[in-house]
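In the working numbering, the protein residues as written are 255 to 550.
For glycine and all other residues, C-beta sits at the position ideal for the given N, C-alpha and C.
Since this is a predicted model, take the numbers as computed values, not measurements.
Down below is the structure, laid out as structure tokens.
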Amino acid sequence: MKYINIIIFTTVFCCNVSAQKFYAYPIISLSMQANKLYYERYDDNNILYQDSIVTNYIGHSNKYSLGDGKKYGVGIGYDFANNVAFDLMITYFKGKEHGWDVKSYYEFYPETAYNVSFNEKHTYSYKALNISPSLIFSTDKSKKINVYLKAGVNISKGNMTKNLTRSIFNNLPNYIPVEKYEYEYKYTPKISIGGFGTFGIEFSRNRIFNIFAEAQFLYQNFNPKTGKCVKYTYQGEDKLNDLPLRAKEFEFVDTFDSADDNDNEPGKFTKETHSLSSYSISIGVRYYFKHNSNVQ
């Protein structure tokens, strides 16, 4: 809700500006994945069952970026001259979910009557409020058709979330046939910075409303430093308070020794990089509060 209030406030502020060469425009943009990174997950649960063999094992990998999704907001700008302008976009981005599955199946010696399987589903998502200042370099805004390039910085305050579902199926004596564990994690820091370039075409229609079309490339990564488990359920029942500190909070480091794990200290994982890069396209209308008299 606070993101929506910021966007509304910015729009109202723009409407009160009447100086020549100021403009504003709504933003509705569709983003697609770019600079996709490779992720994989391989769990060997065989250590839990020394008398078993893996008869069917699938370790899944995936290549994706969390930068695809939808973006909404407003843009404002000021033309310094016919070929240079300052532009500022304030947008809210909501990305699609991406992840992978891990499955393993075990049969036991000396009989094969008993078996157990593990299914894991890892899902990541990202949403953010973005502030994107940039400079626009145009061919000539006094013409009816203007081609321009935009170069700028994208500053995101966002939330990356990981949802993990772990299911265990077995027919072992004295075991629960189906067990389901669900986790939700939040990552910090919330701030990430990237750069973008845009190619655009603007059509002058009536000296006040200009139609534009843009294609943009954004390069941005998210490197989490810490994480926190905010939800943990077993068989649908809240068990978050039962987790040790090591499972509730963790940090990302270059290297670590698992022998040093302590339930009373935050856990450790090797550093991760998540791509937020994207290609995006948008079509819209810019409103010039007081049109430039040089426009023909």
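Under the DSSP definition of a beta bridge, L342 partners with I330, P387. In this structure S532 is buried. Its beta-carbon is surrounded by 16 or more other beta-carbon atoms within 10 angstroms.
Check the Cα spacing between P280 and each of V328, D517, Y292: the tightest is with V328. A distance below 7 Å between beta-carbons, with the five flanking residues on each side excluded, links S529 to the following residues of its chain, in chain order: N289, K290, L291, S319, L320, G321, N475. Residue state for N460 is assigned as coil, using DSSP reduced to three classes. Ranked by Cα distance from P520, the first of T393, F510, K493 is F510. For K502, the enclosing alpha helix (DSSP H) has its first and last residue at 499–502. Here S379 is not near A405, since their CB atoms are 8 Å or more apart. The criterion of a C-beta distance shorter than 8 Å is not satisfied by K325 and S358. Going by beta carbons, G481 and Y439 fall inside the 8 Å limit. Taking 8 Å as the cut-off, the Cβ atoms of F453 and L403 count as close. By the neighbour-count criterion, in which a residue is buried when 16 or more other Cβ atoms sit within 10 angstroms of its Cβ, A467 is exposed. Counting along the chain, Q489 sits inside no beta strand (DSSP E), nor does DSSP assign it H or E at all. The residue from L497, I537, G538 with its alpha-carbon nearest to that of N518 is L497. Under DSSP, G451 takes part in a beta bridge, and its partners are A405, F471.
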